[in-house]
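Counting from 1, position 45 in the sequence shown corresponds to residue 561 in the numbering used here; the numbering is continuous, with no gaps. We treat Cβ as the ideally placed atom computed from N, Cα and C, and that holds for glycine.
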Amino acid sequence: MEEKNIRLLDTQFARFLAKRSLLSGKEKQSFQELVCRLSVSLATGDSCLPLQAVEQDIIQRSGLSGEGLYPLTVFDNCLYLQRLFQYEKRLADKISQMASDSHTLTADRDFVQSLFGETSATDMQYVAAMQALKKNFLIISGGPGTGKTTTVVKILALLRNGSEKKLQIALAAPTGKAANRLQESLRGKVEDFPVQASTLHRLLGVRRHSPFFRHNAENPLACDVLVVDEASMVDLALMSKLVTALRPGSRLILLGDKNQLSSVESGTVLADIMEALPENSVELQKSYRFDADIKGFAEAINKGDHKKAWLLITADKPEHISLLQEEVAIYAGEKYNSYMQMVSRAKNKADYLRLFSVLKSFKILCVVRKGSRGVYVINRRVEHLLAENGYDCLQSEWYSGRPVMVTRNEYSLNLYNGDMGICLADPESPESVKVWFQRPDGSLRGILPGRLSSCETAYALTIHKSQGAEFADVLVVLPEKASARMSRELLYTAVTRASRSIVIKSDNAVFRRTVNGEVRRNSGLARFLVDHSCKGK
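Here it is in structure tokens:
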């Protein structure tokens, strides 16, 4: 463990527990180092720390390990904080119970054919739908454009068709941006379906200054079917609290891409469950968004095939994938210059809506926020280049055309972390400006800049912030030096944001390091689930 990765919090927490242990001398020092390592690993997304036999002995003799009120516990040769151990155990218990439940619900054959046409065992959307009729728990995984949302629309129609009662259906996602996208994708596809998608936190009921929600095992959610989109972003704690809040007999359908970045917090929940319960998972593989070139590039990255991926971006063909030779800001400035030209001509809300479409046509995605190839510097350089072309991007913070991203949930404004807006004149009062946001129904809503407590310029975004979004053309900017945070999952997430073309800014060494890097998090969830599965047989 490198010294630079250890935070003050890690050392102070380790000292706090070491002082309260029954150990002394070298054993006490070893115990403190183990707790410090555990704290560091939790900060990187692990839920536990693997132990050697001699280390387990030290933990067990510390007087601070066990079940119940002890701060630590050891399970299956791993050290846990008691809190995370309970989250994993409760999640595994509930998921295993739901996965073992079966139903005899059937849908009318003619109705099934009206949805899927001529079906076969190789039509994975049809397979997923048939599984959903039989199982209380189902994961539908697949890359962008593989039809996850289309499939779940058909599943909901089948469930309603086959059910004798009116089903209470809830739709949710981990972020407000993802919830709005889910709502948008369902609009027009499901008749007589007035359900509004929400964030998981809002669905569960946030309690101010508390880690607990209003809905739990004692006060369960009033829904028969819950659909959660972008499930790969859901961390261990939130997923555990979510499934605990489902009432007995409820159905849970998780949608996500197991190859994308995992949650910022602990765990790789979606991937772990799919590994342990393949019979409750269906993977969609046919992409309806990408051409063969982009799909092949994403697959090469996902498989860790650096040579093939590098060859694709350096060869003359395919034309939709290339390596950027010029400076990032110059390339991006040319792209955004046409956008600013449209801004200067925009006079009404119809024009403003077209600007949102233009912004979705191109985006710069960065690995880091700071540094010469980070979000802050690139955004500022783009503004300087636009200013050189005559646009007023440096005289005022709130200039016309400035694209912004909300960086913190604004519940009173119904705005969420990740929502995109554009600063433009108010058509009814041209001397003042508002930040305009596009609602899920396609209409516009203007907010005075002073009411936005936290937002930032968004010509360039971090890859993490782009997760779940879609753009026609994407410029992916890797840092000049590789770091531990770079991985194939990060790059895969970035390139799968594009539907038309991908440009990469990187040298071979950094690109190779990124494609060869892989996110590996220590977790016991898959083992818990496998144990449950074995006991049930």
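* Who does residue 839 pair with in a DSSP beta bridge? -> To locate residue 839, count along the sequence shown from 1; it is residue 323. Answer by DSSP bridge pairing, in chain order: 1020.
* **Beta-bridge pairing of residue 978 - partner residues as DSSP gives them** => Position 462 of the sequence shown holds residue 978. Assignment of beta-bridge partners to residue 978 by DSSP yields 882.
* Asked: What separation, rounded to the nearest whole angstrom, lies between the Cα atoms of residue 614 and residue 607?
  -> Sequence index remark: in the sequence shown, residue 614 carries index 98 (1-based). Sequence index remark: in the sequence shown, residue 607 carries index 91 (1-based). Using only the alpha carbons, I get a separation of about 11 Å.
* Rounded distance between the beta-carbons of residue 793 and residue 766, thought under 8 Å -> On the sequence shown, position 250 is the one that residue 766 refers to. On the sequence shown, position 277 is the one that residue 793 refers to. No, residue 766 and residue 793 are not in contact; Cβ-Cβ is about 17 Å, not under 8 Å.
* To do: Determine contact between the region 899-908 and the region 944-958, defined as no fewer than three beta-carbon pairs at a distance below 8 Å.
  => With the cut-off at 8 Å, the region 899-908 and the region 944-958 do not touch.
* Identify which residue in 746, 731, 735, 681 has its Cα closest to the Cα of residue 699. => On the sequence shown, position 183 is the one that residue 699 refers to. Here the closest residue by C-alpha is 746.
* To do: Count the C-beta pairs between the region 563-578 and the region 531-551 that are closer than 8 Å, then say yes if the count reaches three, no if not.
  => Contact between the region 563-578 and the region 531-551 is present, because at least three Cβ pairs lie under 8 Å.
* For the alpha helix (DSSP H) that residue 914 lies in, which residues bound it at each end? -> Counting from 1 along the sequence shown, the entry for residue 914 is found at position 398. Segment: none, residue 914 is in no alpha helix (DSSP H) and carries neither H nor E.
* List the whole-angstrom C-beta distance separating residue 690 from residue 665, where the pair is believed to meet the contact cut-off of C-beta under 8 Å. => The sequence position of residue 690 within the sequence shown is 174, counting from 1. The sequence position of residue 665 within the sequence shown is 149, counting from 1. Rounded, the Cβ-Cβ distance is 16 Å, inconsistent with contact.
* Return the first residue and the last residue of the alpha helix (DSSP H) that residue 1009 is part of. => In the sequence shown, the residue the question calls residue 1009 occupies position 493. Run containing residue 1009: 1004-1011, per the alpha helix (DSSP H) assignment.
* **Classification of residue 966 by the beta-carbon crowding that lies within 10 angstroms, buried from 16 upward** => Residue 966 sits at position 450 when you count from the first residue of the sequence shown. Residue 966 comes out exposed.
* At which residues does the alpha helix (DSSP H) containing residue 1039 begin and terminate? -> On the sequence shown, position 523 is the one that residue 1039 refers to. In the DSSP assignment, residue 1039 falls outside any alpha helix (DSSP H) and carries neither an H nor an E.
* Note down, in chain order, each residue of its chain lying with its Cβ closer than 6 Å to the Cβ of residue 1010, except the 5 sequence neighbours on either side. => Taking the first residue of the sequence shown as position 1, residue 1010 is located at position 494. Apart from sequence neighbours up to five positions away, the residues of its chain that approach residue 1010 with a beta-carbon distance below 6 Å are 881, 979, 992, ordered along the chain.
* **Straight-line gap, residue 802 to residue 659 (C-alpha atoms, nearest Å)** => Along the sequence shown, one-based indexing puts residue 802 at 286. Along the sequence shown, one-based indexing puts residue 659 at 143. A direct Cα-Cα distance of roughly 9 Å separates residue 802 from residue 659.
* Relative to the C-alpha of residue 495, which residue among 946, 616, 644, 891 is closest? -> Only positions 517 to 1053 of the chain appear in the structure, and residue 495 is not among them; the question remains open.
* Exposed or buried, residue 571, counting other C-beta atoms within 10 Å across all chains shown (16 or more means buried)? -> The residue labelled residue 571 in the question sits at position 55 within the sequence shown. The residue in question, residue 571, is buried, as its Cβ has 16 or more Cβ neighbours within 10 Å.
* **For residue 942, the first and last residue of its enclosing beta strand (DSSP E)** => In the sequence shown, the residue the question calls residue 942 occupies position 426. It spans 936-942 - the beta strand (DSSP E) in which residue 942 sits, taken as one unbroken run.
* **Other residues of its chain near residue 816: CB distance less than 7 Å, five sequence neighbours each side excluded** => On the sequence shown, residue 816 is found 300 positions in, with the first residue counted as 1. Within the same chain, and ignoring the five residues on either side of residue 816 in sequence, the residues whose Cβ sits closer than 7 Å to its Cβ are 824, 825, 828.
* Asked: Which residues does DSSP pair with residue 971 in a beta bridge?
  -> Translated into the one-based positions of the sequence shown, residue 971 becomes position 455. DSSP lists 922 as partners of residue 971.
* Taking DSSP as the reference, what is the three-state secondary structure of residue 664? -> The sequence position of residue 664 within the sequence shown is 148, counting from 1. DSSP, read as helix, strand or coil, puts residue 664 in helix.
* **Distance between residue 589 and residue 771 (C-alpha atoms, nearest Å)** => Position 255 of the sequence shown, counted from the first residue, corresponds to residue 771. Position 73 of the sequence shown, counted from the first residue, corresponds to residue 589. In this structure, the alpha-carbon of residue 771 lies about 32 Å from that of residue 589.
* If residue 838 and residue 1019 are in contact, beta carbons under 8 Å, what's the gap, nearest whole angstrom? -> By one-based count along the sequence shown, residue 838 stands at place 322. By one-based count along the sequence shown, residue 1019 stands at place 503. That pair is a contact at about 5 Å.
* Asked: Is it the case that the Cβ atoms of residue 579 and residue 622 are separated by a distance below 8 Å?
  -> Taking the sequence shown and counting its residues from 1, one reaches residue 579 at position 63. Taking the sequence shown and counting its residues from 1, one reaches residue 622 at position 106. With respect to residue 622, residue 579 sits apart: the two C-beta atoms are not nearer than 8 Å.
* Asked: Among 1039, 988, 859, 996, which residue has its Cα nearest to the Cα of residue 1015?
  -> For the purposes of this step, residue 1015 is identified with residue 499 of the sequence shown, where counting begins at 1. For residue 1015, the nearest C-alpha among the options comes from 988.
* To do: Within the same chain, show all residues whose beta-carbon is closer than 7 Å to that of residue 1057, passing over the 5 residues directly before and after it, in chain order.
  => The chain is shown from 517 up to 1053; residue 1057 falls before or after that span and cannot be answered.
* **Cβ separation of residue 609 and residue 652, assumed to be a contact under 8 Å, to the nearest whole Å** => Counting from 1 along the sequence shown, the entry for residue 609 is found at position 93. Counting from 1 along the sequence shown, the entry for residue 652 is found at position 136. About 14 Å separates the two Cβ atoms, so there is no contact after all.
* **Cβ contact (3+ pairs, closer than 8 Å) linking the region 882-890 and the region 933-946** => Remark: fewer than three beta-carbon pairs, one from each stretch, lie closer than 8 Å, so the region 882-890 and the region 933-946 are not flagged as touching.
* Asked: Buried or exposed: residue 1017, going by 16 or more other Cβ atoms within 10 Å of its Cβ?
  -> Walking along the sequence shown from the start, residue 1017 turns up at place 501. With 16 or more Cβ atoms within 10 Å of its Cβ, residue 1017 is classed as buried.
* May I ask you to report which of helix, strand or coil DSSP gives residue 522? => Stepping through the sequence shown from its first residue, residue 522 is reached at position 6. Coil at residue 522, not helix or strand.
* Thinking residue 655 and residue 796 are a contact (beta carbons under 8 Å), I'd like their distance in whole angstroms, please. => The residue you call residue 655 lines up with position 139 of the sequence shown. The residue you call residue 796 lines up with position 280 of the sequence shown. So it is a contact: roughly 6 Å between Cβ atoms.
* **DSSP three-state assignment for residue 691, whether helix, strand or coil** => Working through the sequence shown from its first residue, we reach residue 691 at position 175. Correct three-state label for residue 691: coil.
* **Residue burial classification, residue 804 (beta-carbon count within 10 angstroms, cutoff 16)** => Taking the sequence shown and counting its residues from 1, one reaches residue 804 at position 288. By the neighbour-count definition (other C-beta atoms within 10 Å, threshold 16), residue 804 is an exposed residue.
* Own chain, CB closer than 7 Å to residue 897, minus 5 neighbours either side, in chain order -> Counting from 1 along the sequence shown, the entry for residue 897 is found at position 381. Counting only Cβ-Cβ distances below 7 Å, and skipping sequence neighbours, we find 845.
* **Cβ pair residue 646, residue 799 closer than 8 Å** => As a first step, residue 646 is located in the sequence shown; it is residue number 130 there, counting from the start. As a first step, residue 799 is located in the sequence shown; it is residue number 283 there, counting from the start. Contact: no.
* **N- and C-terminal bounds of the alpha helix (DSSP H) containing residue 604** => The residue you call residue 604 lines up with position 88 of the sequence shown. It spans 598-616 - the alpha helix (DSSP H) in which residue 604 sits, taken as one unbroken run.
* Asked: Sorted by chain position, which residues of the same chain lie with C-beta nearer than 8 Å to residue 892's C-beta, five sequence neighbours on each side aside?
  -> For the purposes of this step, residue 892 is taken as residue 376 along the sequence shown, with counting starting at 1. Around residue 892: 885, 886.
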